[in-house]
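Residue numbers (numbering that gives the first Met the number 0): 0 to 150. Built from N, CA and C at the ideal position, the CB exists for glycine as well. Let me begin by presenting the structure, written as structure tokens, before commenting on it.
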Amino acid sequence: MKKTLIALAIAAGAGALAAVPALAADTATPNEAKALSQKAQATVNTQGKEKAFAAFATADFKPKDLYVFCMDLNGVMLSHAVKPELVGKNLLEFNKYGDTLFKNMIAKVKADGEGWVDYQWPYPGTDEIKDKTSYVMSNKEGFFCGVGAYK
């Protein structure tokens, strides 16, 4: 019994190690995040927000570890492809990891219409806080959408 448990533990550990390169390959780059943000902006501009929000929940808008989130200029989350429970919540004052990232995103959109915003965010599946950057872009509907990637 003891040998069987040890063998299972070793096999599980080897499987976990084999999965590490796959996780790295599934991590998107900032350039991929920007491209998806541009695609999201075009989708909102051509299809309107309701159709766009539905599209953002599909696999076409969730490659690798990327997803689209959209927020109004008052800090209210309008769409979140991974955490729909955030929709309708005002996150303007959110500062759990050392910065007011949503305030910074709104400021970037108001000043430039689009651009990068850097912040700290937990790495999925861990408690580790890592550097992340989101490319945010305004659209014809008057809100912005963004897509983030770990640096």
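Could you check the C-alpha separation between F106 and K82 for me, to the nearest Å? Note on residue identity: the sequence assigns Ala, not Phe, to residue 106. A106 and K82 have their alpha carbons spaced roughly 23 Å apart.
Pick from Q40, K131 and T42: whose alpha carbon is nearest that of P123? Out of Q40, K131 and T42, K131 has the C-alpha closest to the C-alpha of P123.
Per-residue burial, A58 [other beta carbons within 10 Å of its own, 16 or more giving buried]: It is exposed - the Cβ of A58 has fewer than 16 other Cβ atoms within 10 Å.
How many Å lie between V75 and A110 at the Cα? Near 19 Å, if we compare the C-alpha coordinates of A110 and V75.
Leaving out the 5 sequence neighbours to the left and right, which residues in its chain are closer than 6 Å to N89 when beta-carbon positions are compared? Only residues of its own chain outside the window of five on either side were considered, and among them G74 and V75 have a CB closer than 6 Å to the CB of N89, listed in chain order.
Would you kindly work out how many angstroms separate the C-alpha atoms of T45 and S133, rounded to a whole number? About 22 Å.
Which value, in whole angstroms, describes the spacing of the CA atoms of N94 and D25? The straight-line gap from Cα to Cα measures roughly 28 Å.
Could you give the distance in angstroms between the alpha-carbon of S137 and the alpha-carbon of E127? Cα atoms of S137 and E127: separation of roughly 30 Å, rounded to the nearest angstrom.
Beta-carbon spacing of G41, L65 below 8 Å: The sequence given here places Ala at residue 41; Gly does not occur at that position. Not in contact: A41 and L65 (Cβ atoms no closer than 8 Å).
In angstroms with no decimal places, state the Cα-to-Cα distance between F101 and S36. Rounded to the nearest angstrom, the two C-alpha atoms are 16 Å apart.
Is A106 near the ligand NAD, going by C-beta to nearest heavy atom under 7 Å? What this structure holds is no ligand at all, so the ligand NAD is not there to describe.
By the 10 Å Cβ neighbour count, where 16 or more other Cβ atoms means buried, how is A53 classified, buried or exposed? With fewer than 16 other Cβ atoms within 10 Å, it is exposed.
Here's a check: name, in chain order, each residue in its chain whose Cβ is nearer than 6 Å to the Cβ of V108, leaving out the five neighbours to either side. V135, S137 and F143.
Going straight from the alpha carbon of T99 to that of K129, what length do you get? One C-alpha to the other measures close to 15 Å.
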